[in-house]
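Residue numbers (my numbering): 528 to 845. What follows is a set of notes on a single structure, which appears directly below.
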């Protein structure tokens with residue numbers, strides 16, 4: 528081997544070792560973090576991991592991996608994450624922290640949450656990402672039917688266990704170009720769809736997600752309510768009150784994202800079930816997201832011409 532080639536090999540190996548060292552150092556600095564409750568309104572409770580009794584939420588309380596929070600009718604809460612991301616928990620919503628690690632030095636995170644029922648709005652900061660992880664999402668919200676993976680954008684997720692319906696809305700963060708905002712929604716049965724800024728997708732049970740649809744197709748009242756804490760669609764859901772619910776493990780969430788399957792990692796033992804019938808819905812015209820869910824006092828209804836066939840006439844989510 529010539530001197531030049533030998534030197535090139537050595538330089539290459541040194542560079543590779545440097546990258547691996549930096550990656551390993553960054554991974555080693557990831558520490559368990561918390562989602563801090565910074566605002567509450569109305570009835571808001573927390574269920575610490577391993578406990579069987581809900582207790583009233585207090586300002587400043589820290590939710591760590593395995594903890595749950597719920598907001599009942601008229602209630603809401605706002606959570607602050609260590610990277611500057613925020614999550615609004617709407618009324619009639621149950622939400623769990625599946626995984627939350629943070630590296631303050633590199634501003635890297637590993638965050639997964641599970642929406643049991645209801646609606647949340649997450650304004651996700653663009654995190655610092657190490658070289659070896661640039662292809663992976665590091666902020667995920669799962670529902671009983673799938674997972675939305677995002678980086679830095681606004682994601683609104685809504686799910687109704689009674690109907691098996693999930694909706695994912697994507698909006699740009701302040702100062703972010705519309706085309707830069709995006710999320711990927713993956714189902715447990717192997718389908719995925721990319722949702723770009725200003726659009727949403729609807730998915731039901733084991734069905735494929737419908738095509739992304741412009742939010743501007745929705746009535747103005749629906750658009751205005753999307754980002755608020757209003758959510759009456761799951762007011763009567765027993766998922767808000769029973770103790771044992773399905774919460775997937777962090778590994779299961781990652782497997783759904785990477786393979787579209789339910790694979791590895793066991794979720795918490797539960798006694799509940801989720802509706803799995805139905806299919807995707809919502810085209811680019813005449814879309815009716817959240818059929819089977821309602822907007823209080825809106826008077827807005829879907830007709831047979833603009834409601835997905837699997838659900839019939841109903842009012843959309845608010």
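In this text, a Cβ means the ideal position worked out from N, Cα and C, and glycines have one as well. Quick caveat, the model's predicted, so the values are computed rather than measured.
Between 665, 616, 763, which has its C-alpha nearest residue 642's C-alpha?
The residue you call residue 642 lines up with position 115 of the chain shown. Nearest option by C-alpha distance: 616.
Work out the CA separation of residue 583 and residue 784 for me, nearest whole Å.
Position 257 of the chain shown holds residue 784. Position 56 of the chain shown holds residue 583. Roughly 34 Å between the two C-alpha positions.
Just to confirm my understanding: we take residue 677, look at its own chain, exclude 5 residues before and 5 after, and list those with CB closer than 6 Å. What are they?
Reading the chain shown from its first residue, position 150 is the one you call residue 677. The residues are 651, 666, 710.
Give the straight-line distance between the Cα atoms of residue 631 and residue 625, rounded to the nearest whole angstrom.
Your numbering for residue 631 matches position 104 in the chain shown. Your numbering for residue 625 matches position 98 in the chain shown. So the alpha carbons of these two residues sit roughly 20 Å apart.
Taking 9 Å as the threshold (C-beta atoms), are residue 567 and residue 598 in contact?
If you number the chain shown from 1, residue 598 lands on position 71. If you number the chain shown from 1, residue 567 lands on position 40. Closer than 9 Å, so yes.
What is the residue span of the alpha helix (DSSP H) that residue 750 lies within?
In the chain shown, the residue the question calls residue 750 occupies position 223. First-last of the alpha helix (DSSP H) with residue 750: 747 to 753.
Let me confirm a value: residue 587 is counted as buried when at least 16 other C-beta atoms fall within 10 Å, else exposed. Which label applies?
What you label residue 587 is simply residue 60 of the chain shown in a count that begins at 1. Per the 10 Å Cβ criterion, exposed.
If you follow the beta strand (DSSP E) that residue 591 is part of, which residue opens it and which one closes it?
Within the chain shown, residue 591 is the residue found at index 64, counting from 1. From DSSP, residue 591 is part of no beta strand (DSSP E); its letter is neither H nor E.
Output yes or no for whether 9 Å exceeds the beta carbon distance between residue 649 and residue 681.
Counting from one through the chain shown, the residue named residue 649 turns up at place 122. Counting from one through the chain shown, the residue named residue 681 turns up at place 154. Contact flag set, yes.
Please list, in chain order, all residues of the same chain as residue 520 whose beta carbon is under 6 Å from its beta carbon, the five residues on each side excluded.
Residue 520 cannot be examined here, being either before or after the span of the chain that is shown, 528 to 845.
Counting C-beta neighbours from all protein chains within 10 Å, is the total for residue 589 16 or more, i.e. buried, or is it exposed?
Looking up residue 589 in the chain shown gives position 62. That one is exposed.
Distance check for residue 765 and residue 569, CA to CA, integer angstroms please.
As a working note, residue 569 is residue 42 in the chain shown. As a working note, residue 765 is residue 238 in the chain shown. Rounded to the nearest angstrom, the two C-alpha atoms are 19 Å apart.
Consult DSSP for residue 779 and reduce its assignment to one of helix, strand or coil.
Here residue 779 corresponds to residue number 252 of the chain shown, with the count starting at 1. Three-state result, residue 779: helix.
Assuming residue 560 and residue 628 form a contact by the criterion Cβ under 8 Å, report the distance between their Cβ atoms to the nearest whole angstrom.
Mapped onto the chain shown, residue 560 falls at position 33. Mapped onto the chain shown, residue 628 falls at position 101. Between residue 628 and residue 560 the Cβ distance is about 6 Å, and since that is below 8 Å, they are a contact.
Span of the beta strand (DSSP E) holding residue 719?
What you label residue 719 is simply residue 192 of the chain shown in a count that begins at 1. Element bounds for residue 719: 719 to 723.
Assuming residue 688 and residue 735 make a contact with CB atoms under 8 Å, what is their CB distance in whole Å?
The residue given as residue 688 occupies position 161 in the chain shown. The residue given as residue 735 occupies position 208 in the chain shown. The pair is not a contact, with the Cβ atoms about 19 Å apart (cut-off 8 Å).
With the cut-off set at 9 Å, would you say residue 708 and residue 698 are in Cβ contact?
The residue you call residue 708 lines up with position 181 of the chain shown. The residue you call residue 698 lines up with position 171 of the chain shown. Taking 9 Å as the Cβ cut-off, residue 708 and residue 698 qualify as a contacting pair.
Would a C-beta distance cut-off of 9 Å place residue 593 and residue 571 closer than the cut-off?
The count along the chain shown starts at 1 and reaches residue 593 at position 66. The count along the chain shown starts at 1 and reaches residue 571 at position 44. Going by C-beta atoms, residue 593 is not nearer than 9 Å to residue 571.
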